[in-house]
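Q:
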Amino acid sequence: MKKPQLFDIYKENIMPTYTKTPLIFVKGKGSRLWDIDNKEYLDFFPGWGVGNLGHCHPKVMQAVRDQISKLIFIPNNYYQLPQAKLARELVRLTFPAKVFFCNSGAEANEAAIKFSRKFGKGRFEIITFENSFHGRTLGALAATGQKKYQTGFAPLPEGFKTVKFNDLEVLKNAVGDKTVAIMLELIQGEGGINVADKDFVLAARKLCDQKNLLLIVDEVQTGVGRTAEMFCYQHYGITPDIVTLAKALGGGLPVGMMIAKAKIADTLGPGMHASTFGGGPVISRAALAVLEAIDKEKLLSNAKEMGEYLLVKLEALKKKYPLILGIRGKGLMLGVELSSPGKSIVEDCMQKGLLINCTHEVVLRLMPALNVSKKDIDKAIRILEEVIKKQPSPSKGPGDI
Ligand SMILES: *Cc1c(COP(=O)(O)O)cnc(C)c1O
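Mapped onto our numbering, the consecutive letters of the sequence shown carry residue numbers 2 to 402.
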């Protein structure tokens, strides 16, 4: 098959729901990807947040191979070992809680929405934030605070109120008789790498305690070591009532998970919610391998060290190039805010063999694997600088001289 033929098959047979980049990848290892022409790429946005261990981590491959040769699937009305071990490990890593398994971030948030309503006994309203992203199913979409994702899909489920991020007064005023939960990302990933203020999060936790509300933290993108803590909420010293996870937990396989305190878990019974594939033995083994690799290979401390290194390098670029307005994030989840759209920068980096992302039009998003090396960061920064250097300098605004 020739390349244009493959692109044609996509065009004719696959729904056009993604903005496609014309690269055909065939192989991946760590922070490296190879395309069909054997061109090598340095991947600083592996799997859209899935690749916290990089591509094809040997521990994950080994676990999946082993499990597939024994038992690929068993439904959730039976018992199996991998799921039990994974649930126990996640509860150990979080707080006294119980786990519900599903297959994606949207489903995990959907479960959080349903279980909050069940817990609320008539209270149903969930407060969410502007520029948040919680997924594409109707409930998760209604929770998402960005109109661009919602347009064309009305009517969305009722019971969501979207308020300004990081504004405590607005949040307090939004809580009413029917409010049952506050749902947030501690770093808004799709919204432009917006970091929640510590004071705001502590106050939100307190508000939830006072009003018997659930604090739902969506860690689908921030979780599993991305911010150099296992979970981003640990930076804030709070305990959420519900945490949702997905992306990186499966090491590349589809996984979703909702972890909820006993007071929520205890309101549920058989038949109230379900997912056929949720927590199957193969993905459970993969997820266990991910957690084990993070521990054994000391990836949290590497993420911290490499995150600081990358930040210093980016700050140095900021000093040199007025195109860069600011840098924010935690650990290895960093955003570089530009004074103009970043699409061409992403494309030029790609030509030079570096894959990064741009979110919210003007924020370059860098999320390399947690096991990234200094050498790879140096290379990525070299490419990024070559590209930025060639950008037209930002036009001066009125009043500037
Ligand atoms: C990606 C993402 C989701 C949705 O996850 P899917 O697996 O695509 O359904 C939800 N919340 C956040 C914060 C995300 O980054």
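Every residue gets a Cβ at the ideal spot worked out from N, C-alpha and C, and that includes glycine.
1. Candidates 152, 131, 148: which alpha carbon is nearest residue 171's?
2. For residue 1, does the three-state DSSP call read helix, strand or coil?
3. Rounded to whole angstroms, what is the Cα-Cα separation between residue 119 and residue 178?
4. Going by C-alpha distance, which of 186, 66, 229 is nearest residue 217?
5. Pair every Cβ in the segment 103-113 with every Cβ in the segment 265-277, then say whether three or more of these pairs are closer than 8 Å.
6. Can you tell me which of 211, 311, 78, 85 puts its alpha carbon nearest to the alpha carbon of residue 385?
7. Using only alpha-carbon positions, find the residue among 79, 44, 173 that is nearest to residue 211.
8. Measuring only from the beta carbon, is residue 135 closer than 8 Å to any heavy atom that is part of ligand 1?
9. Please report the Cβ distance between residue 282 and residue 151, rounded to the nearest whole angstrom; I am assuming they are in contact, meaning their Cβ atoms lie under 8 Å.
10. Ligand 1 heavy atoms versus the CB of residue 190: any closer than 8 Å?
11. What number of angstroms, rounded off, separates the C-alpha of residue 221 from the C-alpha of residue 181?
12. Our contact map puts residue 184 next to residue 219 with C-beta atoms below 8 Å; I'd like the distance itself, whole angstroms only.
13. Can residue 99 and residue 261 be called in contact, C-beta distance under 9 Å?
14. Please work out which residues of its chain come closer than 6 Å, Cβ to Cβ, to residue 246, disregarding the five sequence neighbours upstream and downstream, and give them in chain order.
15. So what does DSSP say about residue 338, is it helix, strand or coil?
16. Below 8 Å, can you find three or more Cβ-Cβ pairs linking the segment 42-56 to the segment 79-93?
17. Could you tell me the alpha carbon to alpha carbon distance between residue 295 and residue 309, rounded to whole angstroms?
18. Using the three-state DSSP reduction, which class does residue 370 fall into: helix, strand or coil?
19. Please tell me whether, using a cut-off of 8 Å, the distance from the CB of residue 332 to the nearest non-hydrogen atom of ligand 1 is below it.
20. How would you call residue 163, buried or exposed, if buried means at least 16 neighbouring beta carbons within 10 angstroms?
21. Could you check what DSSP says for residue 329 in three-state terms: helix, strand or coil?
22. Roughly how many angstroms separate the alpha carbons of residue 4 and residue 166, rounded to a whole number?
23. Report buried or exposed for residue 50, applying the criterion of at least 16 other Cβ atoms within 10 angstroms of its Cβ.
24. Could you check if residue 248 belongs to the surroundings of ligand 1, using beta carbon to heavy atom distance under 8 Å?
25. Counting pairs of beta carbons, one from the segment 11-24 and one from the segment 362-377, are three or more of them closer than 8 Å?
26. Does the Cβ of residue 35 lie closer than 8 Å to at least one heavy atom of ligand 1?
27. Residue 392 and residue 318: beta carbons closer than 9 Å?
28. I'd like the span of the beta strand (DSSP E) that includes residue 359, first residue to last.
29. Could you give the distance in angstroms between the alpha-carbon of residue 237 and the alpha-carbon of residue 201?
30. Find the nearest neighbour of residue 252 within the set 7, 59, 14, judged by alpha-carbon distance.
31. Cutting at 8 Å between CB atoms, please list the residues of its own chain near residue 97, excluding the five before and the five after it.
32. What number of angstroms, rounded off, separates the C-alpha of residue 197 from the C-alpha of residue 13?
33. By alpha-carbon positions, which one of 157, 46, 271 ends up nearest to residue 335?
34. Within 8 Å: the Cβ of residue 195 and any heavy atom of ligand 1?
35. Exposed or buried, what is residue 232 when buried is set at 16 or more other beta-carbons lying within 10 Å of its beta-carbon?
36. Secondary structure at residue 197, three-state DSSP: helix, strand or coil?
A: Reading it off the structure:
1. Looking only at 152, 131, 148, the smallest Cα-Cα distance to residue 171 is reached by 131.
2. Past the edges of the chain, shown from 2 to 402, lies residue 1, and the structure says nothing about it.
3. For residue 119 and residue 178, the distance between alpha carbons rounds to 16 Å.
4. Of the candidates 186, 66, 229, the residue whose Cα lies closest to the Cα of residue 217 is 186.
5. Verdict: yes, contact present.
6. Closest by alpha carbon: 311.
7. Residue nearest to residue 211 within the set 79, 44, 173 is 173 (criterion: CA-CA distance).
8. Checking every heavy atom of ligand 1 against the Cβ of residue 135, one is found closer than 8 Å.
9. In fact, because the Cβ distance is near 37 Å, the residues do not count as touching under 8 Å.
10. Residue 190: yes, Cβ under 8 Å from ligand 1.
11. About 21 Å.
12. Right, the Cβ-Cβ distance comes to about 6 Å (below 8 Å), so this counts as a contact.
13. Yes.
14. Around residue 246: 220, 224, 258.
15. If DSSP states are grouped into helix, strand and coil, residue 338 belongs with the strands.
16. In short, these stretches do not touch, since the Cβ pair count stays below three.
17. When rounded, the distance between both Cα atoms is 18 Å.
18. Looking at residue 370 - three-state DSSP - the assignment turns out to be coil, as it is neither helix nor strand.
19. For residue 332, the Cβ stays outside the 8 Å cut-off from all heavy atoms of ligand 1.
20. Buried, because 16 or more other Cβ atoms sit within 10 Å of the Cβ of residue 163.
21. Of the three classes helix, strand and coil, the one that applies to residue 329 here is strand, per DSSP.
22. Taking the Cα positions, residue 4 is about 45 Å away from residue 166.
23. Buried is the call here.
24. Distance from the C-beta of residue 248 to the nearest heavy atom of ligand 1 is below 8 Å.
25. Using a Cβ-Cβ distance cut-off of 8 Å, the segment 11-24 and the segment 362-377 are not in contact, since fewer than three pairs of beta carbons, one from each stretch, lie closer than that value.
26. No.
27. Result no, Cβ atoms of residue 392 and residue 318 do not sit closer than 9 Å.
28. First-last of the beta strand (DSSP E) with residue 359: 358-360.
29. Cα to Cα, residue 237 sits roughly 10 Å from residue 201.
30. The residue with the shortest Cα to Cα distance from residue 252 is 59.
31. Closer than 8 Å at Cβ, skipping near neighbours: 262, 263.
32. Distance between the alpha carbons of residue 197 and residue 13 is about 43 Å.
33. By alpha-carbon distance to residue 335, the top candidate from 157, 46, 271 is 46.
34. Because no heavy atom of ligand 1 lies under 8 Å away, the Cβ of residue 195 does not count as near it: no.
35. A buried status is given to residue 232, since no fewer than 16 other beta-carbon atoms sit within 10 Å of its beta-carbon.
36. Looking at residue 197 - three-state DSSP - the assignment turns out to be coil, as it is neither helix nor strand.
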